[in-house]
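Undergrad: The structure that follows is given in the form of structure tokens.
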Amino acid sequence: MKYTTLGRTGLKTAVISFGGIPIQRSDAANTMAVVDRLEKHGINYIDTARGYTVSEEYLGRALKGRREKFILATKSMARDYEGMKKDIETSLSNLQTDYIDVYQLHNIKVGDFDTVFGGNGAFKALLEAKKEGKIGFIGATAHGTDSLEKLVEEHRQDIDTLMFPYNIVETQGHRILQKAKEKGIGTIAMKPLAGGNLDNRPLALRFIAASGVCDISIPGMGDVAEVDKNAAVRENLSPLTEAELEEAEKVKKELGSRFCRRCGYCAPCTVGIDIPSNFLFVNYLRKYGLADWAAERYRTLKVNASDCIQCGACEQRCPYNLPIRQMLKGVVSDFARYEESKKY
């Protein structure tokens, strides 16, 4: 595994590291197997979050007895002092450790800054925890360039790491991430496979490595096979050829910007729709020549896109401001056309 230094933290991190979102859809035994394989491949940076339901707990059990072999990062959506202080203690308990290497402000938005960095804000709790040795460094994650820029311009001395979406189709943060690196801030690419929408894993991960603005990328890994696939890319992190750059540009044009990253932040749906799964299945219908397979899986959903009541609660939570209600209508329409075509 190739390693790099994560900004001014001095942490030696695997260039391709571990994103913990999928673990919440797993179980404790599978998580143990995943961490075993991470250790085997030398993938030493583990990212999780308070918001990833059982992810911290499963990882805590799996890391018991080998905590020192990994760099551990988690994050909290708390914005006030008491909330963050409580979440730090919960994370320490769940992860069965007495320190966390990087604790991050999760999905910070421009409207949160006054509260977070105010006199009784979450940042105060993070500073206290750092002085007490409970956390090593303070980070932040964001989904909008306005938040990213505000962090770099106004809080570059406060934040040691920044996590932001960066992949073939999402390079909007390139200039700001470059500036962050120049200031010594560690930069982390989330959504490196665009929420599973990028099929060519080697191309996607090499694209990020070649960008020069992201120290590491953290593709989500929910099973041993995904760990192996990501680790295999380490064999060739060379710059992209002209042909590969053309391929990346073609993918970018085809996918566009209106797509689901399967982050799950839209949940819970008011009527119980698994929104990411609906979008996943329709993508198989539209793009991959697996219409029959996709339709069969869609039929197994007890609640699907056709049950949407158009309340809009999901759109308020989506960090990418997707028109989810409209997109769900598209899912219903496309599967209806498929079913109609099968009649003839």
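Heads up: the sequence shown at position 74 corresponds to 73 in numbering that gives the first Met the number 0, and the numbers run straight through without jumps.
Glycine included, each C-beta is placed from N, C-alpha and C at the ideal position.
These numbers were taken from a predicted model, which means no experiment stands behind them.
Beta-carbon of F69 versus every beta-carbon of chain C: anything under 7 Å?
TA: As a matter of chain content, chain C is missing from the structure shown, which is built from one protein chain.
Undergrad: Is it right to say C265 is buried, meaning 16 or more other beta carbons lie within 10 angstroms of its own, or is it exposed?
TA: As a working mapping, residue 265 is identified with position 266 in the sequence shown. Flag for C265 reads buried.
Undergrad: In this structure, does DSSP put S332 in helix, strand or coil?
TA: Sequence index remark: in the sequence shown, residue 332 carries index 333 (1-based). DSSP places S332 in helix when its eight states are reduced to three.
Undergrad: Taking the beta carbon of G19 as the centre, do at least 16 other beta carbons fall within 10 Å, making it buried, or is it exposed?
TA: Against the sequence shown, residue 19 aligns to sequence position 20. By the 10 Å Cβ count, G19 comes out buried.
Undergrad: Which ranges does the alpha helix (DSSP H) cover as unbroken runs of at least 4 residues, wholly within the stretch 155–190, from first to last along the chain?
TA: Taking only runs of at least 4 residues, the alpha helix (DSSP H) segments lying wholly in the stretch 155–190 are 173–181.
Undergrad: Between which two residues does the beta strand (DSSP E) containing L71 stretch?
TA: The residue given as residue 71 occupies position 72 in the sequence shown. Unbroken beta strand (DSSP E) run through L71: 70–75.
Undergrad: Which same chain residues, not among the five before or five after A247, have their C-beta less than 6 Å away from its C-beta?
TA: Looking up residue 247 in the sequence shown gives position 248. So the list reads I167, F206, once near-sequence residues are dropped.
Undergrad: Taking Y297 as part of the alpha helix (DSSP H), name the residues at either end of that continuous run.
TA: One-based indexing of the sequence shown puts residue 297 at position 298. It spans 290–299 - the alpha helix (DSSP H) in which Y297 sits, taken as one unbroken run.
Undergrad: According to DSSP, is S216 part of a helix, a strand, or is it coil?
TA: Translated into positions along the sequence shown, residue 216 becomes position 217. Strand at S216.
Undergrad: Relative to the alpha-carbon of I137, which residue among Q156, V33, A304, A13 has its alpha-carbon at the smallest distance?
TA: Taking the first residue of the sequence shown as 1, we reach residue 137 at position 138. If we check each option's Cα against that of I137, Q156 comes out closest.
Undergrad: Using alpha carbons as the reference points, say which of E169, Y44, A121, T160 lies closest to R7.
TA: For the purposes of this step, residue 7 is taken as residue 8 along the sequence shown, with counting starting at 1. Selected option, being the one with the closest Cα: T160.
Undergrad: Restricting to Cα atoms, I'd like to know which of G59, V33, S25, L58 is closest to E225.
TA: Position 226 of the sequence shown, counted from the first residue, corresponds to residue 225. Here the closest residue by C-alpha is V33.
Undergrad: Would you call R65 buried or exposed, if buried means 16 or more other Cβ atoms sit within 10 Å of its Cβ?
TA: Start at 1 with the first residue of the sequence shown, and residue 65 comes out as number 66. It is exposed - the Cβ of R65 has fewer than 16 other Cβ atoms within 10 Å.
Undergrad: Using the beta-carbon count (16 or more within 10 Å), is G183 buried or exposed?
TA: Here residue 183 refers to the residue found at position 184 when the sequence shown is read from its first residue. Exposed: under 16 other Cβ atoms inside 10 Å.
Undergrad: My guess is that N350 and L254 are in contact by the Cβ rule of under 8 Å, so how many angstroms apart are they, rounded?
TA: Given a span of 0 to 343 for the chain in the structure shown, any question on residue 350 remains unanswerable.
Undergrad: Quick one: grab the DSSP three-state call for I15.
TA: Taking the sequence shown and counting its residues from 1, one reaches residue 15 at position 16. Reduced to three states, the DSSP call for I15 is strand.
Undergrad: Quick check on the burial criterion: 16 or more other C-beta atoms within 10 angstroms. Buried or exposed for S75?
TA: Working through the sequence shown from its first residue, we reach residue 75 at position 76. The residue is buried, with at least 16 neighbouring Cβ atoms inside 10 Å.
Undergrad: Where do the ends of the alpha helix (DSSP H) carrying F280 lie?
TA: The residue given as residue 280 occupies position 281 in the sequence shown. Here the alpha helix (DSSP H) through F280 covers 274–286.
Undergrad: Can the beta-carbon of I107 be found less than 7 Å from the beta-carbon of S146?
TA: Here residue 107 refers to the residue found at position 108 when the sequence shown is read from its first residue. Here residue 146 refers to the residue found at position 147 when the sequence shown is read from its first residue. The answer is yes: Cβ separation under 7 Å.
Undergrad: Check whether the Cβ atoms of I99 and L10 sit closer than 7 Å, and answer yes or no.
TA: The residue you call residue 99 lines up with position 100 of the sequence shown. The residue you call residue 10 lines up with position 11 of the sequence shown. Not closer than 7 Å, so no.
Undergrad: When the Cβ atoms of the stretch 22–40 are set against those of the stretch 217–231, are three or more pairs found closer than 8 Å?
TA: Yes: at least three Cβ pairs fall under 8 Å.
Undergrad: If you compare alpha carbons, which of V151, P191, E169 is closest to L176?
TA: Here residue 176 refers to the residue found at position 177 of the sequence shown. Closest by alpha carbon: V151.
Undergrad: Using CA atoms only, rank isn't needed, just tell me which of G59, D26, D333, S16 is closest to K39.
TA: As a working note, residue 39 is residue 40 in the sequence shown. For K39, the nearest C-alpha among the options comes from S16.
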